[in-house]
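Chains as they are written, first to last, in UniProt numbering: chain H, 1 to 411; chain P, 1 to 411; chain V, 1 to 411; chain U, 1 to 411. Backbone N, C-alpha and C fix where the C-beta goes; we use that ideal spot for every residue, glycine too. Source: prediction; values computed, not measured. One structure is given here, and the rest of the page talks about it.
Okay, structure coming up:
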């Protein structure tokens, strides 16, 4: 859009918001302070069980993956860390890797062990009936704790594919005991400032029972471990119809919301771009977070929540998809910041059902693109990061430079 | 909002849209021509199996229900018809009822027979094993065809609660034959211009099998009957995850999309306010409709689609809930009208996944409240119909006037 | 069947089982000791939001409901208690009610308060924004604690319809605090031997969020209250696809499985006859229970689990439906008792997926009707309680005697 | 089990059935005539998007896959055909392949083209926006028609991965037109006796919309093509809660039920062993088939239904898993044959809900293992084909002989 028109649009936008009582400067400050972590594995090839299509220009090495994360940060300004996955991102010298990331302009965030791709894990890792396999899994997590220390990360992010495909295949309660035992050893190895985030998933790749299927299971494991263990909410890991904002609120209430893996889905763990299927839900999640940030009972928990992306861009180009993801998450947060919380509290206190719902709807209906464009300009960025990236010629360069197979998820 | 600011907001809004290539006048014209039919039963009490809460001021008689529908039309300008339900809206003189409606400023729309509240229907109506019960059901539908003629309606809207609760309870294929036979007799009684809209529902109140559970079943029945039979899509009547815009597209392709019962849901047939749970989906439905309206292969079918509301406002005031519903549907249509169809077609033709998705997203992100406010002003209405109604004192008057039990769903 | 053939069938059946290593006498002893509690409200009229069909002979008063429960016990031998619901079963003299029950041959079991049918509860009971409404709800639960004392029951069974229909309608975390506060007062009023069972439900009658939607929420509330609070699993209250046996195992592991509300469903909370839609799942639930009963870590929790029925027989006769329910639950338990646990443990320890699954399948495939017929004969009962009831003439007598409206769910 | 005890068990079993009015000899004859087709790709490696675990002894070549199918037939006696998948099973000389199969004791059944693993299919095959890609897809299907002729098969089995991941990515109705056009060309190339079976799938690998998501879509495509096109029901391809027996009944009513891909699932398209999660549903499917076989309106359609298996044995050994599958399908059919159809019809005609459901339940509760053991013995087979296979030493031999990577799904 013509810059003058963009400016004019924002001026009226801000005037309207001010008239509605919004402190626009405070909203802008909050948006500049937003942080979203992108995953190294989001820059390499990925796919479904039917086919992994190779994306032209996709990153092949850990350095390329970190470089791409840094590119996303350069265009968006809110993605200063990148999650790594071991062994896909394994290297001989993690201090050097951290230095490389710093040179690129990012830091290394959560460390994610892989407990599902070795042949020994066919029937499970931390819940496997064979103690040797559980030992191997624990050792790998201990290695990741050490790596986190070397790269300066304080987050250990755990997802387990463990489960069974048929009734009777495993002894459910015994597997639960093994799960607690395995994690207890890892927990004890963590330094004081480190947090263990325990992810749950309703199903896949196990088809009868998954050892950690829901937030309640993850929470009780975290309770058994101690205060440094928290729950990680992947927005695609729930049964159909689940009220995820409610789960977010409950975990905040319990002081155990550790972080998110953002993505969107229509059916299962589709791993689509966050906010691409149900943008209203993403707004409602951020609405709970903004609310909790202002409540003394939950503010400390809310402050430490790790906002991470975990998606699988099977058919779309990687870096553009990640930039679009970040933009969608920014929009959700921006709208949540615009909620008139006094009016909301008033309507709730009066039992005014339509009025209260209307307050949220008003915020969601607001077009926050003018606001976000302004915020980016004030951060020295292009107001439209996706268009700017597509114009930059980077994608064409990467497609020309990068050929041949790589490491990671899709090889 | 201050009228001057509202005007200023709209002026910039229109300038931005024009810069994006939107023909704003054409969009406004389309919005003025939009039609939404509200149901008489939406103005009386309703509830769940656990409790019907009485809403203060809820309509008690068919005249009050029609008067309330007329009130909604006066504030929104796009609801000139009201659906009736027999026997809830039964009267001695249907011509007089039609005249009463006209005086109120509305006309009578779809006629809906009730085939589930008489004791004989315990095990079904048109698929009951007893021919006498099927006879009774057919006679009631024939009565409704006659009533439609008397009130000047050309729509017979059919929903059946028929189904079974246990495997084996009924013979599924035989019930299907009875269904076709019953409807064939009704079909033959319809005058040439009348349409029969056949609704389907995934489940409830039958818990094992529902005789008309999905659009495919409804379509094959319509095929067996003839061209005046079409399918009615209730947006709350699908399995979780169903792509309703896809069904809309398929029924348009088949020339059999007859109409909608709009509402929203998170779980089952929740009958919430349209667009209150998943506003993006409602937009995507209208996106298919706008697209089809411009395609010669589907334009005629699209032109005749009946847009009706079917909701159950269990805890919120009736008229305000209906006005909010209409506003949400208007917003969805307005956003669909803003889709840049040339850019969309271009991106689709190039296999530009993110670009194509971005075109839809851009339209959805647009705040159409300034546009709709302007449209209403040009129609001589208040720019905010819900606020205007709440200010009008009507609700208080109705709550004072209306006491004692009524007829209809919740009595 | 001819008694001699029945006897012959059982003899071979027992021989086959013995050859498989089953201790048939122990299995029979366990089956004789099985206990299933039926609900008073299961003997009165019930229905869906669309219609409550009156069942001929349905109980109209608390005395008739208790008498019917006693009838079911007389024919089945394993249903010595009946749950009551206040105020549907309210009376002036609870000691007299208990005495009446004893005369009929049963005792009063769990006491269930009603927190959803008074007008004040339109927007909630224990989570209502108005302290006066929460007060009323607490008082009613305190009354139920007192009633339990008077009728000799040690179970308070709590289900709440509380929730919201629209995003923003309520403040989710504040409602959670109110929930805990309300229950804490009731908890403190309970005598030492009494248990509070907290039920959860995924949705209905609230359509956006339910304050107690899943076992994790119920568990954390129970944790906040103390050891006398446990979780109640209603088998119809989960999202589609949920692995209920897994939840049972987890709650046993946590020492918080308090009881069941048995029923079956295909879609939502359909409240069909237990085991009528998915008999294999009911078997798998009992498989976890039998396993836990033999494990020192869980035996005490397992021993105290309350097995209760909660169904809605909308179209079928009440007493026969309840007898069929009991028979289905007996069959599930019988099959779980036949599982070769040594073979199962061996297969699990060897990672023999098909072998382990086959052990469960072998038990499930076994026809336990000859076994149950023999167990009943040894208990002095008819081998086929449903056929015996239908032959008894009781149903015809009740249909003749009972006319006119009653109290309770469906009036 | 001891052969004498087995014989004794069967003798009493048969006596009991005869007393119930079952024509045991007719049932045995039907079971001997049952036919189940296994898929070549079920004998090679397969997995999830997270990992393909290599199964020791898994088939690596088309010859090994056919040999394994023949092994399953040798032990079960009811699997005389094997489906092939092109290009996984591509060969230079299809006549030789057919001859090889005949030597092994089986024939080649349905031919399945692969339209999802070439890079060109990233955005679709028959619904791709690029005519060149659609052309390629059509050519491949025409090749498969030719192959079918060469191997003596009269079944073309079509599954498409086509769909989109994001709203707007594709033009839904235009893709539908391309789908019809593509298939029309293939349809015209089929010789008179050949049938085209069109499979549908709710989702995966496309995450927003699938071009053929449900039976209604597949049916309307088949209608557009002609009478040689029918619908293929994969039991894992439906939304949660779907009543599959109802769909089977409807497709029989329409004369368009072409065949099955049997498997079971708890969540999505889990591709587990048929009958391993919900054995009652598999019985209810066969109940519809047995019923339709005796109805002149549907007998011809029922007679031609192709019963095929499509599963993914990710963690269990291939041949044993397939034998178990066949045993489960036999059990479902056997129980359906035992349904007392006269008693069922009587109860249905009397509105006896519990009685009718009881008739089905009685059949399902029956242990058919003695019957099937006897049937197998009379066919010259071991009464327990799984145990016999495991005893045979074949598995050990295959594991020793087969090493190194192969062709097919999982390489």
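Beta-ladder partner(s) of residue i, from DSSP
i                      : result
residue 157 of chain P : P:197
residue 39 of chain H  : H:83
residue 113 of chain U : U:86
residue 354 of chain U : Looking at the DSSP assignment, residue 354 of chain U forms no beta bridge with any residue, so it has no partner.
residue 163 of chain P : P:210
residue 272 of chain H : H:264
residue 107 of chain U : U:81
Under the three-state DSSP convention, the category residue i falls into
i                      : result
residue 401 of chain U : helix
residue 71 of chain H  : helix
residue 261 of chain U : strand
residue 234 of chain U : strand
residue 209 of chain V : strand
residue 338 of chain V : coil
residue 411 of chain H : In this prediction, residue 411 of chain H has a pLDDT of 48, which is less than 50 and means its spatial position is unreliable; what the coordinates show is noted afterwards. In the structure shown, residue 411 of chain H sits in coil (DSSP, three-state: anything other than H, G, I, E or B).
residue 307 of chain V : strand
residue 387 of chain H : helix
residue 204 of chain H : coil
residue 229 of chain P : strand
residue 302 of chain V : helix
residue 18 of chain U  : helix
Whole-number beta carbon distance between residue j and residue i, since they are thought to touch under 8 Å
i                      : j                      : result
residue 207 of chain P : residue 200 of chain V : In fact, because the Cβ distance is near 21 Å, the residues do not count as touching under 8 Å.
residue 189 of chain V : residue 233 of chain V : That pair is no contact at about 25 Å.
residue 173 of chain H : residue 249 of chain V : 5 Å
residue 195 of chain V : residue 155 of chain V : 6 Å
residue 326 of chain V : residue 263 of chain V : Going by Cβ atoms, the distance from residue 326 of chain V to residue 263 of chain V rounds to 13 Å, so no, they are not a contact pair.
- Can you find at least 3 beta carbon pairs, one from the stretch 130 to 147 of chain P and one from the stretch 113 to 122 of chain P, that sit closer than 8 Å? Output reads yes: the stretch 113 to 122 of chain P touches the stretch 130 to 147 of chain P.
- Return the residues of the stretch 112 to 128 of chain U that lie within a Cβ-Cβ distance of less than 9 Å from chain P, sorted by chain order. 122, 123, 128
- On the three-pair Cβ rule with 8 Å, is the stretch 20 to 37 of chain V touching the stretch 47 to 58 of chain V? At 8 Å Cβ cutoff, the stretches do not touch.
- Query: How about the stretch 286 to 295 of chain V and the stretch 238 to 252 of chain V: do they share at least three Cβ pairs that are nearer than 8 Å?
  - Reply: Contact holds: three or more Cβ-Cβ distances are below 8 Å.
- When the Cβ atoms of the stretch 1 to 13 of chain H are set against those of the stretch 13 to 22 of chain P, are three or more pairs found closer than 8 Å? yes
- Check distances from the C-beta atoms of the stretch 356 to 381 of chain U to those of chain P and list, in chain order, the residues that come in under 7 Å. 356, 357, 359, 360
- Item | chain H contacts from the stretch 300 to 323 of chain P (Cβ-Cβ distance under 8 Å) | 315, 316, 317, 320, 321
- Query: Which residues, in chain order, does the stretch 222 to 235 of chain U contribute to contact with chain H at a C-beta distance below 7 Å?
  - Reply: Taking a C-beta cut-off of 7 Å against chain H, none of the residues of the stretch 222 to 235 of chain U qualify.
- Going along the stretch 253 to 278 of chain P in order, which residues come within less than 7 Å of chain H, judged by CB to CB distance? 266, 267, 276, 278
- Between the stretch 344 to 357 of chain H and the stretch 66 to 77 of chain H, do three or more beta carbon pairs fall short of 8 Å? no
- Message: Does the structure place the stretch 151 to 166 of chain U close enough to the stretch 362 to 373 of chain P that three or more beta carbon pairs sit under 8 Å?
- Response: The stretch 362 to 373 of chain P and the stretch 151 to 166 of chain U do not touch, with fewer than 3 CB-CB distances between them shorter than 8 Å.
- Item | the stretch 23 to 49 of chain P: positions lying closer than 9 Å to chain V by Cβ | 46, 47, 48, 49
- Task: Mind checking the stretch 206 to 219 of chain H against chain U and listing, in chain order, the residues whose C-beta falls within less than 8 Å of any C-beta there?
- Result: 207, 208
- Query: In the stretch 160 to 171 of chain U, which residues sit with their C-beta less than 8 Å from some C-beta in chain H, listed in chain order?
  - Reply: Taking a C-beta cut-off of 8 Å against chain H, the contacting residues of the stretch 160 to 171 of chain U are 161, 165, 166, 167, listed in chain order.
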